[in-house]
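To get the working numbering, take the position in the sequence shown, counting from 1, and add 9.
Quick reminder that beta carbons are idealized off the backbone N, C-alpha and C, glycines included.
Remarks on the structure that follows.
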Amino acid sequence: MEIAFFGTHRNKLGESPVWDDRRQCLWWVDSLVGLIHAAASDGTPIATFAQDRPVGSIGLAEGGLVAALADGFYAIDGGSGVATPIAIFPVDATLRLNDGKADRAGRFLSGQMQLHSGGAPSEASLWRLSAGSATTLAGGLKLTNGICFSPDGATLYFADSLEGVIRAHDYDVATGAMGPRRDVVDCAAFGSGPDGATVDADGNLWVALVLAQAVACIAPDGALLRSIALPIPYPACPAFGGPGLDTLYVTSIADSGGRLISHDADAGRILAITGLGVTGIQEGRYRDNHIRE
């Protein structure tokens with residue numbers, strides 16, 4: 010195994026890495042400053058798209074990207090980076106969209122997080138975007154993270170980071186309906202709540218343990234298979250990528266807007282971990298006619 014820095018990129022709040030098999034590049038966001046970046050597998054910058062509001066997460070789409078911006082779902086033009094609204098939420102200064110991932114059938118899921126600048130926060134929810142319409146899947150949340158799907162798409166994983174428990178739900182690939190909750194693992198045992206997550210081709214979860222400075226590999230039954238210490242503070246989100254989908258990219262945090270702040274010289278950088286002996290799965294693409302090449 011080798012852990013190296015991915016280019017010279019530094020972010021304040023690096024999140025939502027996703028490998029693009031068609032363009033052979035890694036996309037990710039610097040969330041609070043509203044930047045969407047792309048770079049080749051060697052770290053060479055390809056594109057930067059600036060948005061006028063925070064970007065919680067992104068997913069691949071036919072012809073471009075889908076993005077969960079602070080106030081709703083947007084199509085991001087693949088050439089210009091121009092954002093076109095798809096589904097906008099009612100104004101609520103206490104919430105914004107956060108982590109997100111495409112399912113295996115072309116929908117996009119994103120969950121909200123509570124903010125503390127607009128009074129007592131509303132309850133956050135998990136949302137599903139399908140055919141241009143947003144539907145609530147779960148409520149009663151504070152900080153939604155860790156959204157990912159089993160290789161067959163029939164299990165949805167996600168977490169409320171402040172609760173610390175990774176949960177699983179049966180997920181109907183045909184309809185996008187979500188079944189009852191079952192708990193997988195309480196990450197408090199690992200010294201951290203869960204942040205972003207992904208799965209490998211064997212169906213194991215790879216979870217950023219943001220406060221433990223590590224990424225953990227967890228079996229679907231909750232067993233800890235492996236924990237890898239990382240040379241950066243506050244790892245935020247992992248994703249498999251590279252030409253062989255055998256590199257694990259991990260974004261990190263320098264300043265999350267007050268919750269987590271690090272003055273480490275490498276805070277906010279991205280790691281590329283190779284030699285793990287596992288491969289990932291190419292993430293799906295949101296399918297919607299709002300997005301064009």
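For the beta strand (DSSP E) holding residue 121, just list the boundary residues, first then last. 117-123
So, does the region 190-206 touch the region 276-283, judging by three or more C-beta pairs under 8 Å? no
Cβ-based burial, residue 301 [other Cβ within 10 Å; buried from 16]: The predicted position of residue 301 is uncertain, since its pLDDT is 44 and thus under 50; no value can be drawn from it.
Output yes or no for whether 8 Å exceeds the beta carbon distance between residue 36 and residue 49. no
If you reduce the DSSP assignment to three classes, tell me which class residue 163 lands in. coil
Closest residue to residue 119 among 233, 225 and 148 (Cα-Cα distance): 148
Between the Cα of residue 51 and the Cα atoms of 15, 224 and 265, which residue gives the shortest distance? 15
Is the region 262-273 touching the region 225-232 in the sense that three or more CB pairs, one from each, lie closer than 8 Å? No, the region 225-232 is not in contact with the region 262-273.
Could you spell out the range, first to last residue, of the beta strand (DSSP E) harbouring residue 64? First-last of the beta strand (DSSP E) with residue 64: 64-70.
Can you tell me whether residue 293 is buried or exposed, with buried defined as 16 or more other CB within 10 angstroms of its CB? Per the 10 Å Cβ criterion, buried.
Does the contact criterion of 3 or more C-beta pairs under 8 Å hold for the region 199-208 versus the region 178-191? By the Cβ criterion, the region 199-208 is not in contact with the region 178-191, since fewer than three pairs of Cβ atoms, one from each stretch, lie closer than 8 Å.
By Cβ distance below 7 Å, which residues in the same chain neighbour residue 111 in space, the five residues on each side in sequence not counted? 68, 69, 117, 292, 293, 294 and 295
Taking 8 Å as the threshold (C-beta atoms), are residue 232 and residue 160 in contact? no
Cβ-Cβ separation, residue 84 to residue 63 (assumed contact under 8 Å), whole Å: Going by Cβ atoms, the distance from residue 63 to residue 84 rounds to 17 Å, so no, they are not a contact pair.
Using only alpha-carbon positions, find the residue among 235, 240 and 214 that is nearest to residue 222. 240
Name the one or two DSSP bridge partners that residue 74 has. 69 and 85
How would you write the range of the beta strand (DSSP E) that residue 247 sits in, first residue to last? 244-250
What is the DSSP secondary structure of residue 3, counted as helix, strand or coil? This structure does not reach residue 3, given that the chain is present from 10 up to 302, and the question cannot be answered.
Can you grab the Cα-Cα spacing for the pair residue 125 / residue 131, in whole Å? 10 Å
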